[in-house]
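If you're matching positions, the sequence shown starts at -3 in my numbering and goes up one per residue.
Where is the CB? At the ideal position from N, CA and C, for every residue including glycine.
Remember, it's a predicted structure, so these values are computed and weren't measured experimentally.
Before any comments, here is the structure.
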Amino acid sequence: MDRPLEGVIRRFEESFARRPTHAAHAGGRVNLIGEHTDYHDGFVFPAAIDLRTAVAGAPREDGVIRIRSTRASDEAQARVGALRIPVVVDWRAYATGPFWALGEKGYPVCGADVLVDGDVPLGGGLSSSASLQVALVGLASSLAGAALPAPEVASIARLAENGYCGVPCGIMDQMASACGREGHALLLDCRTLGWEAVPVPSGWALVIADSGVKHALGTSEYGRRQQECAQGLEVIRRRHAGVRALRDATMEMVQEASGELEARLVRRLRHVVSENRRCLEARDAMLRGDSPQMGALLAASHRSLAADYEVSCAELDLLVELAAGMAGFLGARLTGAGFGGNTINLVASERALLFAETLAESHASRTGRRIDTRVVRPSDGLSVIQV
Ligand code: GLA
């Protein structure tokens, strides 16, 4: 049995003094490139990773849902059919949201005892919340006897995050967490939800570095970027009615619209249009094993996120700068929403461990502050088992 499941099953038994009937685990994720493009119907290139959220559960006859977590001291309680959108969005909202979203979509939901466990760092931009919600949708649907395909799990998990937790995220994190494939990154079209699993060359390793700055999507500038882009899109659509989302826009269209837009909004649009193109180029570079090109694309992505989309911060910029001179370095950029969280470093495999250590050391000697760095592996997405 998978290692994360053995642990969560044992802890479920300790906590509830009964045996779980089902268990599931889902991946945190890194995004290689294609940032702030998913909610513009664009392309993204993420991978599920071996930092996981694991859950175990057993049905209850009385319609009560009790959720405990090894990472929290309190318990989430709810009743099937009586879940209301919460006023306070804490971990309990994230834990009960999947049950609400399943009900909203018309799927059966039953009472349950559930235990949550996992090692995805919280608030680090590695999709701790998406992996929790994907794992719980997978578990809850199986408990109620209606196991669902992974993309449907992802869309229900997104509904939980958008509609119940009030976080206006796109679909990338949930799709990566649910549909990831070992050794691969997913080139995902966020309009059609079609994806291609692209093998990560064996000579390339992924190293993440945690800036130590916690990000919270709901309270960040995330929603404001969406509004800014909506204003820009409106101006483009006056001339090009066929442009449904920024994914359909070109640099020429942005140029045309620039006379009617504040410079700041032009930069936002420029990021989205250029990032979409970089994402597709990165897929080609990875298929060719072209690390110089991939590195150049990651660098351009980070610059665009910092200067045009303005979602980086000094701590992330410093990590990207420190990495650039190190042995084994192929490329680096912030990963996820930004405003803190992690950078992703593409590194020659044989150097990966040493690179991770050296980056942490060089950061400590520059700032006096220790950070976490680690090698992560592209991994499978959601897995659900009957115990
Ligand atoms: C967060 C969101 C995703 C995506 C990224 C930025 O991770 O949850 O939907 O928008 O930010 O690419």
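- Going down the chain, each residue whose beta-carbon is closer than 5 Å to a heavy atom of the ligand GLA shows up: 31, 32, 34, 165, 166, 168, 169, 332, 333.
- Judged by DSSP secondary structure, residue 6 falls within the alpha helix (DSSP H) whose first and last residues are -1 to 12.
- Our two residues, residue 347 and residue 323, have alpha carbons roughly 7 Å apart in a direct line.
- With respect to the C-alpha of residue 345, the residue from 358, 330, 197 having the closest C-alpha is 197.
- Annotation: residue 269 to residue 11 spans about 50 Å, alpha carbon to alpha carbon.
- Assigned with DSSP and collapsed to three states, residue 315 falls in helix.
- Contact check for residue 18 against residue 135 passes: the beta carbons are separated by less than 8 Å.
- If you draw a straight line from the Cα of residue 82 to the Cα of residue 71, it is about 15 Å long.
- As far as DSSP is concerned, residue 375 takes part in no beta bridge.
- Within the DSSP secondary-structure output, residue 65 pairs in a beta bridge with 112.
- Buried is the label assigned to residue 30, since at least 16 other Cβ atoms lie within 10 Å of its Cβ.
- Residue nearest to residue 172 within the set 40, 288, 327 is 40 (criterion: CA-CA distance).
- Note that the C-beta distance between residue 327 and residue 309 is not below 8 Å.
- Of 334, 204, 26, the smallest CA-CA separation from residue 168 is found for 26.
- Sixteen is the threshold: since fewer than 16 other Cβ atoms of the shown chains lie within 10 Å of the Cβ of residue 363, the residue is exposed.
- Secondary structure note for residue 85: it is in no beta strand (DSSP E), with a DSSP letter that is neither H nor E.
- The C-beta distance from residue 20 to residue 131 rounds to 5 Å, short enough to fall under 8 Å.
- Closest in C-alpha terms to residue 126, from the list 250, 161, 202, comes 161.
- Contact between residue 3 and residue 56 is ruled out by a C-beta separation of about 23 Å, above the 8 Å threshold.
- Within 10 angstroms of the beta-carbon of residue 58 lie fewer than 16 other beta-carbons, which makes it exposed.
- Only residues of its own chain outside the window of five on either side were considered, and among them 40, 166, 167, 168, 186 have a CB closer than 7 Å to the CB of residue 34, listed in chain order.
- In the DSSP secondary-structure assignment, residue 195 is bridged to 180.
- Buried is the label assigned to residue 332, since at least 16 other Cβ atoms lie within 10 Å of its Cβ.
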